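Asks:
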Amino acid sequence: MEFRLGTLENTDVQQLLNEHLLDMEKTSPPESRHALNLDGLKACDVTFWSLWNDGRVLGFGALKELSESHGEIKSMRTQSNARGQGLGAKILEFLIAQAKLRHYTTLSLETGSMDFFKPAHRLYERFGFEVCAPFGSYTEDPNSQFYTLKL
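Count along the sequence shown starting at 1, add 25, and that's the number in the working numbering.
(1) Report all residues from its chain with a CB closer than 6 Å to the CB of S53; omit the five preceding and five following residues, and keep chain order.
(2) Going by beta carbon distance, what residues of the same chain come within less than 6 Å of H59, once the five residues before and after it are set aside?
(3) Identify which residue in G153, L41, E97 has its Cα closest to the Cα of A87.
(4) Are the beta-carbon atoms belonging to L117 and F152 less than 7 Å from one another?
(5) For the beta strand (DSSP E) containing H95, name the first residue and the last one.
(6) So does T36 have its beta carbon nearer than 6 Å to some heavy atom of the ligand MG?
(7) Which whole-angstrom value is the C-beta distance of K74 and R102, which I expect to be below 8 Å?
(8) Evaluate T164 with the Cβ neighbour count: other Cβ atoms within 10 Å of its Cβ, from every protein chain shown; 16 or more gives buried, anything less gives exposed.
(9) Can you give me the C-alpha to C-alpha distance between L174 and Y149, rounded to a whole angstrom?
(10) Assign V82 to buried or exposed, taking buried as 16 or more other Cβ atoms, counted over all protein chains shown, within 10 Å of its Cβ.
(11) Going by the beta-carbon positions, is the gap between K125 and L66 smaller than 7 Å?
(12) Are the beta-carbon atoms belonging to L76 and G84 less than 7 Å from one another?
Listed below in C-alpha coordinates is the structure:
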(Lines of atoms letter the chains of each structure in order from A and count residues from 1; the text may use other names and numbers.)
(Lines give C-alpha, C1' and ligand atoms only; values in the text may rest on other atoms or scores of the structure.)
Protein backbone atom coordinates (compact mmCIF):
# COMPACT_ATOMS: atom_id res chain seq x y z
CA MET A 1 0.00 0.00 0.00
CA GLU A 2 1.17 3.50 -0.73
CA PHE A 3 0.00 7.04 -0.15
CA ARG A 4 0.00 9.33 -3.17
CA LEU A 5 -0.02 13.10 -2.97
CA GLY A 6 -2.51 15.15 -5.00
CA THR A 7 -4.35 12.54 -7.07
CA LEU A 8 -7.54 14.57 -7.45
CA GLU A 9 -7.42 14.33 -11.26
CA ASN A 10 -7.83 10.54 -11.07
CA THR A 11 -11.37 9.43 -11.99
CA ASP A 12 -11.40 6.64 -9.36
CA VAL A 13 -10.50 9.17 -6.68
CA GLN A 14 -13.20 11.53 -7.96
CA GLN A 15 -15.75 8.71 -7.88
CA LEU A 16 -14.87 7.91 -4.27
CA LEU A 17 -15.11 11.60 -3.40
CA ASN A 18 -18.56 11.75 -5.00
CA GLU A 19 -19.65 8.74 -2.92
CA HIS A 20 -18.37 10.54 0.18
CA LEU A 21 -20.30 13.71 -0.67
CA LEU A 22 -23.48 11.70 -1.40
CA ASP A 23 -23.22 10.01 2.01
CA MET A 24 -22.86 13.42 3.65
CA GLU A 25 -25.92 14.63 1.70
CA LYS A 26 -27.94 11.63 2.97
CA THR A 27 -26.87 11.97 6.60
CA SER A 28 -26.46 15.69 7.31
CA PRO A 29 -28.62 18.74 6.64
CA PRO A 30 -27.10 21.24 4.18
CA GLU A 31 -26.10 23.77 6.85
CA SER A 32 -24.17 21.04 8.70
CA ARG A 33 -22.20 19.62 5.76
CA HIS A 34 -18.54 20.58 5.91
CA ALA A 35 -17.02 17.98 3.59
CA LEU A 36 -14.88 19.57 0.90
CA ASN A 37 -15.78 19.04 -2.74
CA LEU A 38 -13.21 18.70 -5.52
CA ASP A 39 -12.58 22.46 -5.72
CA GLY A 40 -12.32 22.73 -1.93
CA LEU A 41 -9.73 19.97 -1.84
CA LYS A 42 -7.68 21.86 -4.44
CA ALA A 43 -7.42 24.97 -2.22
CA CYS A 44 -3.90 26.20 -1.46
CA ASP A 45 -4.29 25.54 2.29
CA VAL A 46 -5.36 21.90 1.76
CA THR A 47 -3.12 18.91 1.04
CA PHE A 48 -4.75 15.74 -0.30
CA TRP A 49 -3.47 12.16 -0.29
CA SER A 50 -5.02 8.93 -1.51
CA LEU A 51 -4.20 5.38 -0.40
CA TRP A 52 -3.55 2.83 -3.16
CA ASN A 53 -2.94 -0.89 -3.45
CA ASP A 54 -2.43 -2.84 -6.67
CA GLY A 55 -3.57 0.08 -8.82
CA ARG A 56 -6.77 0.57 -6.84
CA VAL A 57 -7.69 3.54 -4.67
CA LEU A 58 -8.67 2.37 -1.18
CA GLY A 59 -9.29 5.69 0.52
CA PHE A 60 -8.15 9.25 1.04
CA GLY A 61 -7.67 12.04 3.52
CA ALA A 62 -6.59 15.65 3.61
CA LEU A 63 -5.05 18.20 5.93
CA LYS A 64 -6.10 21.83 6.00
CA GLU A 65 -3.74 24.34 7.55
CA LEU A 66 -5.61 26.58 9.99
CA SER A 67 -2.44 28.24 11.30
CA GLU A 68 1.27 27.46 11.58
CA SER A 69 0.53 25.31 14.61
CA HIS A 70 -3.01 24.04 13.97
CA GLY A 71 -4.21 21.63 11.29
CA GLU A 72 -7.59 20.14 10.48
CA ILE A 73 -8.31 16.69 9.12
CA LYS A 74 -10.67 16.90 6.15
CA SER A 75 -12.54 14.38 4.01
CA MET A 76 -11.32 11.06 5.38
CA ARG A 77 -12.88 8.18 3.47
CA THR A 78 -12.33 4.49 2.69
CA GLN A 79 -13.92 2.38 -0.03
CA SER A 80 -17.10 0.83 1.38
CA ASN A 81 -16.03 -2.66 0.24
CA ALA A 82 -12.69 -2.25 2.06
CA ARG A 83 -14.10 -1.23 5.44
CA GLY A 84 -13.24 -3.22 8.54
CA GLN A 85 -9.67 -3.82 7.33
CA GLY A 86 -7.99 -1.08 9.35
CA LEU A 87 -7.66 1.35 6.45
CA GLY A 88 -9.28 4.22 8.32
CA ALA A 89 -6.70 3.78 11.07
CA LYS A 90 -3.92 3.65 8.47
CA ILE A 91 -5.11 6.91 6.89
CA LEU A 92 -5.55 8.61 10.27
CA GLU A 93 -2.09 7.47 11.41
CA PHE A 94 -0.61 8.88 8.19
CA LEU A 95 -2.38 12.24 8.60
CA ILE A 96 -1.21 12.53 12.22
CA ALA A 97 2.36 11.81 11.08
CA GLN A 98 2.08 14.49 8.37
CA ALA A 99 0.76 16.98 10.94
CA LYS A 100 3.75 16.25 13.16
CA LEU A 101 6.13 16.76 10.21
CA ARG A 102 4.53 20.18 9.77
CA HIS A 103 5.19 20.89 13.45
CA TYR A 104 1.52 21.37 14.26
CA THR A 105 0.85 21.31 17.98
CA THR A 106 -2.89 20.76 17.54
CA LEU A 107 -4.86 18.65 15.09
CA SER A 108 -8.64 19.01 14.99
CA LEU A 109 -11.58 17.73 12.98
CA GLU A 110 -15.32 18.05 12.55
CA THR A 111 -17.56 15.08 11.90
CA GLY A 112 -21.25 14.35 12.16
CA SER A 113 -22.93 13.62 15.48
CA MET A 114 -25.44 11.09 14.11
CA ASP A 115 -25.26 7.29 14.50
CA PHE A 116 -23.82 6.99 10.97
CA PHE A 117 -20.63 8.62 12.30
CA LYS A 118 -20.22 6.50 15.46
CA PRO A 119 -17.53 4.24 13.91
CA ALA A 120 -15.54 7.39 13.06
CA HIS A 121 -15.96 8.66 16.63
CA ARG A 122 -14.56 5.39 17.98
CA LEU A 123 -11.59 5.60 15.59
CA TYR A 124 -10.72 9.18 16.54
CA GLU A 125 -11.06 8.45 20.25
CA ARG A 126 -8.85 5.36 19.90
CA PHE A 127 -6.11 7.65 18.55
CA GLY A 128 -6.45 10.02 21.50
CA PHE A 129 -8.69 12.71 20.01
CA GLU A 130 -10.91 14.38 22.59
CA VAL A 131 -14.26 16.08 22.14
CA CYS A 132 -13.81 19.86 22.01
CA ALA A 133 -15.67 23.08 21.30
CA PRO A 134 -15.99 24.34 17.73
CA PHE A 135 -12.70 25.61 16.32
CA GLY A 136 -11.73 27.80 13.39
CA SER A 137 -14.83 29.15 11.65
CA TYR A 138 -17.16 26.42 12.99
CA THR A 139 -20.04 27.26 15.31
CA GLU A 140 -22.11 25.16 17.72
CA ASP A 141 -24.22 22.70 15.74
CA PRO A 142 -26.19 19.74 17.13
CA ASN A 143 -25.31 17.83 13.93
CA SER A 144 -21.55 18.28 14.39
CA GLN A 145 -19.04 16.66 16.74
CA PHE A 146 -15.67 18.36 17.15
CA TYR A 147 -12.44 16.64 18.16
CA THR A 148 -8.91 17.77 18.88
CA LEU A 149 -5.57 16.11 19.54
CA LYS A 150 -2.54 17.75 21.13
CA LEU A 151 0.59 16.67 19.27
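By construction, the Cβ of each residue, glycine as well, lies at the ideal position given by its N, Cα and C atoms. Since the structure is predicted, the reported quantities are computational estimates derived from the model, not experimental observations.
Replies: Let me lay it out:
(1) Working through the sequence shown from its first residue, we reach residue 53 at position 28. Once the five neighbours on either side are set aside, the close Cβ partners of S53 are G137, N168.
(2) The sequence position of residue 59 within the sequence shown is 34, counting from 1. Cβ within range, chain order: E135.
(3) Indexing the sequence shown from 1 puts residue 87 at position 62. It is E97 whose Cα lies nearest to the Cα of A87.
(4) By 1-based counting over the sequence shown, the position of residue 117 is 92. By 1-based counting over the sequence shown, the position of residue 152 is 127. Result yes, Cβ atoms of L117 and F152 sit closer than 7 Å.
(5) Position 70 of the sequence shown holds residue 95. Its beta strand (DSSP E) spans residues 95-103.
(6) Only the bare structure without any ligand can be found here, which leaves the ligand MG out of the picture.
(7) To locate residue 74, count along the sequence shown from 1; it is residue 49. To locate residue 102, count along the sequence shown from 1; it is residue 77. Residue identity check: residue 74 is Trp in the sequence provided, not Lys. About 12 Å separates the two Cβ atoms, so there is no contact after all.
(8) On the sequence shown, position 139 is the one that residue 164 refers to. The C-beta of T164 has fewer than 16 other C-beta atoms within 10 Å across all chains shown, which makes the residue exposed.
(9) Taking the first residue of the sequence shown as position 1, residue 174 is located at position 149. Taking the first residue of the sequence shown as position 1, residue 149 is located at position 124. Within the model, the alpha-carbon separation for L174 versus Y149 is close to 9 Å.
(10) Numbered from its first residue, the sequence shown carries residue 82 at position 57. V82 comes out buried.
(11) Translated into the one-based positions of the sequence shown, residue 125 becomes position 100. Translated into the one-based positions of the sequence shown, residue 66 becomes position 41. It is not a contact, given that the beta carbons lie outside the stated cut-off.
(12) The residue labelled residue 76 in the question sits at position 51 within the sequence shown. The residue labelled residue 84 in the question sits at position 59 within the sequence shown. Contact flag set, yes.
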